[in-house]
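Residue numbers (our numbering): 287 to 510.
Cβ coordinates follow ideal geometry from the N, Cα and C atoms, glycine included.
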C-alpha cells in the first residue's frame, strides 16, 4: 500500500482553499491502494512535535505539497517548514537501501490563469532535487478563491471544473502507484470567461472590504 502525506502549506490552515483541495484528492483516492496522512504548516509551527512530523514524512512513498501562490512563490511559513525538513534530512542520513519519496505539488492562485503558478512549481522541483527526493509533477490551479467559495456547491466533476477534475485524476493514478510516464506540470482553471471571473472577483473583494466601491477607491488612492 502506498503511503501519501499531504502538506497543507496555507497560512489559513483548515479554512483554506488548500485544505479543500486536499480533501477532494483524498476523496478520489482508492483507499485499498493508498493510506493518506495530513500535516498542516500552521499546526507544525504551534506544536512541539516537529521532529516526529519529519520522521513521518521520511517514511512516505509520496509527499504532496499544497499551498497558495504568494508573489509568484511560496508562503514564508511553508518556506520555513521546507528549510527545517532539509536540515532534518541532513542530520538523519537515510540508509543505503532507502527509496526516496516522490514529490508533487498543488498550487492555487487568485488569478484566473493556472499558468501563473509555473515559477512556484519550478521552485518545488528544485527543492525536491536539493533534498534528494524524486520530483514527479505539479498542478497549477487558477481562481483559487472561487474554488474555495464553491467547493461544496459546484461539484469537481461539473463542466465548469472539468479541467481540475482531470488533473486530479492524473495525480491520483500516479499516487496509487500506476506511474504516468513522462507527465509534465498541469496548468488548469475553472472554465469561465475571464471577464465574468474578474467582475465576480471585484464584487467579492468589495464585499470583503465591507465598504462601497467608491469609498474603497478613495482609500486606495489615498494610501498609494
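Going by alpha carbons, who is nearest to residue i out of the options?
| i | options | result |
| --- | --- | --- |
| residue 474 | 429, 342, 305 and 352 | 429 |
| residue 376 | 416, 465, 408 and 338 | 416 |
| residue 383 | 290, 449, 345 and 464 | 345 |
| residue 348 | 387, 399 and 333 | 387 |
| residue 456 | 447, 368 and 466 | 466 |
| residue 476 | 378, 445 and 371 | 445 |
| residue 370 | 338, 469, 356 and 302 | 338 |
| residue 381 | 396, 418, 356 and 399 | 418 |
| residue 478 | 379, 391 and 398 | 398 |
| residue 449 | 360, 401, 365 and 464 | 401 |
| residue 392 | 355, 333, 469 and 373 | 355 |
| residue 299 | 340, 361, 313 and 334 | 361 |
| residue 409 | 340, 464, 459 and 368 | 368 |
| residue 396 | 374, 379 and 431 | 431 |
I'd like the list of long-range same chain contacts for residue i, defined as Cβ closer than 8 Å, with 5 residues on each side in sequence excluded.
| i | result |
| --- | --- |
| residue 462 | 288, 315, 316, 319 and 320 |
| residue 510 | Annotation note: pLDDT 45 at residue 510 (below 50); position unreliable, coordinate value reported separately. No residues qualify anywhere along the chain. |
| residue 306 | 433, 434 and 437 |
| residue 471 | 404, 407, 423, 424, 425 and 426 |
| residue 363 | 295, 297, 327, 328 and 331 |
| residue 323 | 289, 290, 291, 292, 342 and 346 |
| residue 310 | 437, 442 and 454 |
Helix, strand or coil, according to DSSP, for residue i in the structure here?
| i | result |
| --- | --- |
| residue 506 | Residue confidence is low: residue 506 scores 49 on pLDDT, short of 50, so the model does not pin down where it sits. Its coordinate-derived value is still stated next. Helix. |
| residue 457 | helix |
| residue 293 | strand |
| residue 336 | helix |
| residue 331 | helix |
| residue 443 | coil |
| residue 298 | coil |
| residue 315 | coil |
| residue 306 | helix |
| residue 438 | coil |
| residue 397 | coil |
| residue 243 | The requested residue 243 is not part of the displayed model; the chain covers only 287 to 510. |
| residue 468 | coil |
| residue 478 | coil |
What is the residue span of the beta strand (DSSP E) that residue i lies within?
| i | result |
| --- | --- |
| residue 390 | 388–394 |
| residue 323 | 320–326 |
Per DSSP, residue i is paired with what?
| i | result |
| --- | --- |
| residue 473 | 426 |
| residue 359 | 356 |
| residue 349 | 291 and 389 |
| residue 420 | 388 |
Please report the residue range of the alpha helix (DSSP H) in which residue i lies.
| i | result |
| --- | --- |
| residue 462 | No alpha helix (DSSP H) holds residue 462; DSSP gives it neither H nor E. |
| residue 401 | Run containing residue 401: none; DSSP gives neither H nor E here. |
Cutting at 6 Å between CB atoms, please list the residues of its own chain near residue i, excluding the five before and the five after it.
| i | result |
| --- | --- |
| residue 358 | 405 |
| residue 421 | 389, 411 and 414 |
| residue 304 | 294, 296, 352 and 353 |
With 8 Å as the threshold, decide whether the Cβ of residue i is near any Cβ in chain C.
| i | result |
| --- | --- |
| residue 411 | Considering every chain present, this structure includes no chain C. It has just one protein chain. |
How about residue i: is its Cβ closer than 7 Å to a heavy atom in the ligand FAD?
| i | result |
| --- | --- |
| residue 468 | This structure does not include the ligand FAD; it has no bound ligands of any sort. |
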